[in-house]
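Enquirer: This is the structure, below, for whatever I ask next.
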Amino acid sequence: MALETTVIQDKLTGKFGEKVTGFILQKGIFSFEVEAASMSEVMGFLKNDPVLRFNFLTDVCGIHYPDNETERQFAVAYHMHNWMDNVRIRFKCFLSADNLEIDSATDHFLGANWQERETYDFYGIIFKGHPQLKRILNMDEMTSFPMRKEFPLEDGGRTDKDDRFFGRITDNAHN
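Mapping of the sequence shown onto my numbering: position 105 corresponds to residue 185, and the numbering continues sequentially without gaps.
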């Protein structure tokens, strides 16, 4: 019998209450939010519970929502997979732009090491307890975090492109 989303939700809310909220099925993946301070405990439960058995961390990634209120401008998304029942889940932990810290998932999954380093490298999110949190793709001397939506996508001084050909002007026929 397949692992139903109602079982996942009931087990999580029964153990963690309001620390786990926003349950929704999106494009075939059961998704929810976890308070950042509870991430490690929830992840450990998802992995070790004999019914849930989410034994594989598929991905860790950062997200920047600059239009959100300060307390929810950044998020870390975790994708986990239960191989026995072939069920995937995704949960997000929102972070304040003033405190970009969350516990490392490396205590539960060694594979989180490089994924967290990449997220740090591109978003500046600090993973507390990470064994070697340093840049992985960008130069160590870099002071910015390039995936944040704080910077223009292109150099405003460029003259080698005509925006009409890139769909950036609504009336391409008359400009």
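Note that CB positions come from ideal geometry on N, CA and C, so glycine has one too.
Here the structure is a predicted model, which is why all the values come from computation and not from measurement.
1) Inspect the beta-carbon positions of residue 177 and residue 184 and report whether they are closer than 8 Å.
2) Is it right to say residue 166 is buried, meaning 16 or more other beta carbons lie within 10 angstroms of its own, or is it exposed?
3) Three Cβ pairs or more, each shorter than 8 Å: is that satisfied between the stretch 90–98 and the stretch 150–167?
4) Just to confirm before moving on: does the CB-CB distance between residue 173 and residue 114 stay below 8 Å?
5) Residue 206 and residue 181 - do their beta-carbons sit closer together than 8 Å?
6) Can you check whether the CB of residue 187 is closer than 8 Å to the CB of residue 120?
7) Can you list, in chain order, the stretches of the alpha helix (DSSP H) that have 4 or more residues and sit fully within the stretch 159–220?
8) Please state the DSSP three-state secondary structure of residue 83.
9) Can you check which of these residues, 139, 126 and 83, is closest to residue 100 by C-alpha distance?
10) Taking the straight line between their C-alpha atoms, what separation do you get for residue 84 and residue 133?
Expert: Taking the structure as given:
1) Result no, Cβ atoms of residue 177 and residue 184 do not sit closer than 8 Å.
2) exposed
3) no
4) Contact check for residue 173 against residue 114 passes: the beta carbons are separated by less than 8 Å.
5) Result yes, Cβ atoms of residue 181 and residue 206 sit closer than 8 Å.
6) yes
7) 192–203
8) coil
9) Among 139, 126 and 83, the Cα nearest to that of residue 100 belongs to 126.
10) 13 Å
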